[in-house]
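2 protein chains.
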Amino acid sequence: MEKITVSIGKSSYPITIASGLLTNLITFLPLEQKSTVMIVTNQTLAPIFLKEITQHLNKQGIKVNNVILPDGEKYKTWESINYIFNELLNNLHGRDTILIALGGGVIGDLTGFAAAIYQRGIKYIQIPTTFLAQVDAAIGGKTGVNHELGKNMIGAFHQPIAVIIDTDFLLSLSSRQFASGIAEVIKYAVIFDEQFFYWLEQNIDALISLNPQALEYCIRRCCELKANVISSDEKEIRGIRVLLNFGHTFGHAIEAYMGYGNWLHGEAIAVGMIMAARTAEHLKIFQSQHTNRIIALLQRAKLPVNGPIEMKATDYLPYMQRDKKVFSKKMHLVLPTKIGSAILHKSVSDKILVAAINECRIFTELKNNIQI
Amino acid sequence: MEKITVSIGKSSYPITIASGLLTNLITFLPLEQKSTVMIVTNQTLAPIFLKEITQHLNKQGIKVNNVILPDGEKYKTWESINYIFNELLNNLHGRDTILIALGGGVIGDLTGFAAAIYQRGIKYIQIPTTFLAQVDAAIGGKTGVNHELGKNMIGAFHQPIAVIIDTDFLLSLSSRQFASGIAEVIKYAVIFDEQFFYWLEQNIDALISLNPQALEYCIRRCCELKANVISSDEKEIRGIRVLLNFGHTFGHAIEAYMGYGNWLHGEAIAVGMIMAARTAEHLKIFQSQHTNRIIALLQRAKLPVNGPIEMKATDYLPYMQRDKKVFSKKMHLVLPTKIGSAILHKSVSDKILVAAINECRIFTELKNNIQI
Ligand SMILES: NC(=O)c1ccc[n+]([C@@H]2O[C@H](COP(=O)([O-])OP(=O)(O)OC[C@H]3O[C@@H](n4cnc5c(N)ncnc54)[C@H](O)[C@@H]3O)[C@@H](O)[C@H]2O)c1
Ligand SMILES: NC(=O)c1ccc[n+]([C@@H]2O[C@H](COP(=O)([O-])OP(=O)(O)OC[C@H]3O[C@@H](n4cnc5c(N)ncnc54)[C@H](O)[C@@H]3O)[C@@H](O)[C@H]2O)c1
Ligand SMILES: [Zn+2]
Ligand SMILES: [Zn+2]
């Protein structure tokens, strides 16, 4: 079992990682005997996990209600938030009710946001059930919903009081969903930790076969890296947290153009990282041999490294412009400088972007090691 | 001109109070030459004030958009928030856009909440135009909207970066709306400041006739009192801020039963304060001679001191129970102990509540000074 503490200002909360946590749930949840809890989950997960968890909690004298939302990114909307509020208000849930997010990033983002604004803020706990949520979405307090005019446009920073990561959840996850999470894992390694990248090269197969030790170590390292970032830059002001967007400016263009959910987030980010790496090559701040290492690792994880055939290079630009105009003050393009380190680049020309995207359009060849 | 600073944790913001501020607006707004601003106001106020303010700002090179909402408490809803988001996103407003709330408490609460959750939080400025908003709603960072199942149920704490109070706005305000604000002024005096209560007894007529000096002094004192409370208890955790709810548990019952907007907030609070005072008399912690002083002052301000004839005492209780269950952990009834001081009482019996409400049901007689 691994324990990590996220410290933000004066407050802090624990992340607990292990297999078999749920049979022992009560030991890990910061709940008291008479706590009142509302579990938020979806129609896919409720039949598998809800009954057991509810029984565990009931046995301890904890009052449990639940809200079961339809499954899917397209339900990460205000309507779902409002549905949660209806359930809370109809059941007279007060400010001392604690929400529990039981699900992937969608349920986590929704539940966290509902907690952020129900009666001006109540507590919540993350129990992430996808790999992507366990290594990324459940940590850091970014919460929110999509708006018809933009993804994640509405939200709040609101930290959970605990994150409980049980690797057993991953047993029922599809391999495609699992791979989507690996993309974010590789992202951490590229921008922050060469040694971890090396570890991934050694252990990617163990990870894919859900080896418990490999999983625990990998999740712990990702949580540590993210916790560090958040401790020093909770609200993405200082520019450290922004590095976590590596691959995302390109990736968002793919997700949006292809229609959310068709390309999984991690799949789009995988390609986005290569596009960012190619951009960095053009700017002569990154060497193609390193891009090759990233490509090789992504391919072993069964992740795409080429953009969708349907998308021309110029199809990316409007989305990237929009990202820039609407979401950041400047064109924030995170670019790698070597494996384990990245910077924020503020003005990449469209010409270079188009060239870099084109190199990942249909087939990414492993380039020869050209030393610059 | 009066200046007050609200200090919360490491950050602080100024409240500026004077007449004629708007002709000099630019001096008081923390905006830079190339700032981008979105003014949120309503259909009543836009024709009166919007053009002048926009011109002032444009002259300084500030880019100004606006959103004009329909007027009324019934539009303090998620739909209005979403309308603001549509305007922001359609016009590609980024995280550096500053919202300006130009209006009463409804516009202030809406704008503040939109700012709290647009892209996880952007800056906003309050320019309150009602007396109630100038002495209360615009200060303190409580923002939010109503839910069909409860008033102010959804929201966030989000402090503005500045509050600009121009007493000239009050010239166009109806006297009924003005009186509604006086109820909150009297509230401050009863719970915090006997001397201020005395000042009000001396100056209530000057206030009602909008004497500039009286207005400035009165608004300053209210802002100071509220700023002090907020500095030590921003999120209503320590129980000091909760004292500001004096009169509100009863008042909310009136507002909800009568249908929001039929009784103005301040009108309901005026009666609520008398009901709370009578409750305190029953508990022998407050003397009826002090209730009489409050009644006399409210009456001079043209505020009601009796509940609506339609409402039986038992009609209040379900709303008060609901307030208790849903909004606070305990039955928080704020009761005065003398003029200038109040406490939080945690368990008043229904019998006493009914008796106290009945005393304000149809006609509140000035009781004789019975010493307890
Ligand atoms: N808040 C953040 O910091 C952050 C970071 C990254 C991503 N996100 C958000 O997270 C979302 C993506 O998260 P996701 O990839 O977890 O998607 P998801 O929540 O949609 O889950 C993917 C699918 O797997 C199913 N599932 C979940 N757990 C399962 C299990 N144990 N067994 C079987 N099926 C299971 C879900 O029902 C769903 O169909 C996006 O909305 C993204 O914006 C947020
Ligand atoms: N956030 C807080 O701390 C806080 C505190 C108290 C009240 N509130 C909220 O404030 C709201 C009540 O505020 P309010 O009393 O200002 O009501 P309001 O905003 O509805 O304004 C009252 C009316 O006066 C009009 N008006 C405003 N300024 C005017 C002017 N200068 N000239 C002519 N007409 C003008 C408005 O258009 C409206 O019709 C409620 O929703 C209440 O919940 C919030
Ligand atoms: Zn991501
Ligand atoms: Zn009030």
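So the sequences go chain by chain: A and B. Be aware that the first sequence starts at 1, since it is given in UniProt numbering, and climbs by one per residue. Be aware that the second sequence starts at 1, since it is given in UniProt numbering, and climbs by one per residue. All residues carry an ideal CB built from backbone N, CA and C; glycine is no exception.
Uninterrupted alpha helix (DSSP H) stretches inside the UniProt domain "3-dehydroquinate synthase N-terminal" (67–179) of chain B (no shorter than 4 residues) = 78–90 and 105–117
Does the distance from the CB of Leu50 (chain B) to the CB of Leu149 (chain A) come in under 9 Å?
-> no
Under 6 Å, CB to nearest heavy atom of ligand 5: contacting residues = Although ligand 5 was asked about, the structure shown includes only ligand 1, ligand 2, ligand 3 and ligand 4 as ligands.
Using only the heavy atoms of ligand 4, determine whether one of them is closer than 8 Å to the beta carbon of Glu267 (chain B).
-> no
Report all residues from its chain with a CB closer than 6 Å to the CB of Thr143 (chain A); omit the five preceding and five following residues, and keep chain order.
-> Contacts found: Asp109, Gly112, Phe113, Ala116, Gly155, Ala156 and His158.
Per-residue burial, Asp193 (chain A) [other beta carbons within 10 Å of its own, 16 or more giving buried] | Classified as buried, Asp193 (chain A) has 16 or more neighbouring CB atoms from the shown chains inside 10 Å of its CB.
Cutoff 9 Å: Phe192 (chain B) Cβ touching any chain A Cβ | no
Report the three-state DSSP secondary structure of Val37 (chain B) (helix, strand or coil).
-> In the structure shown, Val37 (chain B) adopts extended strand secondary structure according to DSSP, grouped into three states.
When Cβ atoms are compared, which residues of the segment 38–53 of chain B fall closer than 8 Å to chain A?
-> From the segment 38–53 of chain B, no residue has a Cβ closer than 8 Å to chain A.
CB Phe246 (chain B) to CB Pro336 (chain B), shorter than 9 Å?
-> yes
Report the residue from A:Trp263, A:Glu359 and A:Tyr316 whose alpha carbon sits nearest the alpha carbon of Ser288 (chain A).
-> Ranking A:Trp263, A:Glu359 and A:Tyr316 by Cα distance to Ser288 (chain A) puts A:Glu359 first.
If I'm right that Val163 (chain B) touches Ile100 (chain B) with Cβ under 8 Å, what's the distance once you round it to whole angstroms?
-> That pair is no contact at about 11 Å.
Taking the C-alpha atoms as reference points, what is the distance between Lys3 (chain B) and Asn211 (chain B)?
-> 19 Å
Between the C-alpha atoms of Gly251 (chain A) and Ile339 (chain A), what's the straight-line distance to the nearest angstrom?
-> For the pair Gly251 (chain A) and Ile339 (chain A), the Cα-to-Cα distance works out to about 20 Å.
Determine the direct distance from the alpha carbon of Glu184 (chain B) to that of Thr291 (chain B), and round the result to whole angstroms.
-> Near 16 Å, if we compare the C-alpha coordinates of Glu184 (chain B) and Thr291 (chain B).
Proximal residues to Ile191 (chain A) (C-beta, below 6 Å), its chain only, five neighbours per side dropped = Leu243, Phe246 and Ala342
What residues from chain A crowd round His147 (chain B), counting only those whose CB sits closer than 7 Å?
-> Phe85 and Leu89
is_contact[Leu69 (chain A), chain B] using C-beta, thresh 9 Å | no
Cβ contact check for the segment 76–94 of chain A and the segment 50–62 of chain A: 3 or more pairs under 8 Å | no
Assess, as a yes-or-no matter, whether the segment 227–243 of chain B is touched by the segment 296–305 of chain B under the definition of 3 or more beta carbon pairs within less than 8 Å.
-> no
Could you tell me which uninterrupted alpha helix (DSSP H) segments, each at least 4 residues in length, are contained entirely in the UniProt domain "3-dehydroquinate synthase C-terminal" (181–326) of chain B, listed from first to last along the chain?
-> 194–208, 212–232, 248–258, 265–282, 288–300 and 313–322
Cβ atoms of Tyr257 (chain A) and Asp315 (chain A): under 9 Å apart, would you say?
-> The answer is yes: Cβ separation under 9 Å.
Please name the residue, chosen from A:Lys151, A:Ala253 and A:Arg120, that lies closest to Val106 (chain A) on a Cα-to-Cα basis.
-> A:Lys151
Minimum C-alpha distance to Gly181 (chain A) - residue among A:Lys63, A:Leu207 and A:Tyr198 | By alpha-carbon distance to Gly181 (chain A), the top candidate from A:Lys63, A:Leu207 and A:Tyr198 is A:Leu207.
How many Å lie between Gln371 (chain B) and Ser175 (chain B) at the Cα?
-> Reliability of the predicted coordinates at Gln371 (chain B) is poor, the pLDDT of 36 falling under 50, and no value is obtained from them.
Residue-level contact to chain B via CB, Leu333 (chain A), 9 Å cutoff | no
Where the beta strand (DSSP E) containing Ala355 (chain B) begins and where it ends = Segment Asp350 to Asn358 is the alpha helix (DSSP H) holding Ala355 (chain B); no beta strand (DSSP E) there.
Regarding His147 (chain A) and ligand 4, is the C-beta to nearest heavy atom distance less than 8 Å?
-> no
Taking DSSP as the reference, what is the three-state secondary structure of Lys10 (chain A)?
-> coil
Tell whether a beta-carbon distance below 9 Å holds between Gln134 (chain A) and Ile165 (chain A).
-> yes
Can you tell me which of the three DSSP states Ile62 (chain B) falls into?
-> In this structure, Ile62 (chain B) counts as coil in the three-state DSSP scheme.
Quick one: what does DSSP say Gln371 (chain B) is sitting in, helix, strand or coil?
-> Because the pLDDT at Gln371 (chain B) is just 36, under 50, the model does not fix this residue reliably, and the value given afterwards should be weighed accordingly. Three-state DSSP puts Gln371 (chain B) in coil, outside helix and strand.
Spatial neighbours of Asp71 (chain B) within its chain, please: CB distance less than 7 Å, with the 5 preceding and 5 following residues excluded, ordered by chain position.
-> Around Asp71 (chain B): Asn42, Gln43 and Thr44.
Pick helix, strand or coil for Lys346 (chain A), following the three-state DSSP scheme.
-> Three-state result, Lys346 (chain A): coil.
Would you report the Cα separation of Arg238 (chain A) and Glu32 (chain A), rounded to the nearest angstrom?
-> 37 Å
Ile339 (chain A) - DSSP class collapsed to helix/strand/coil | coil
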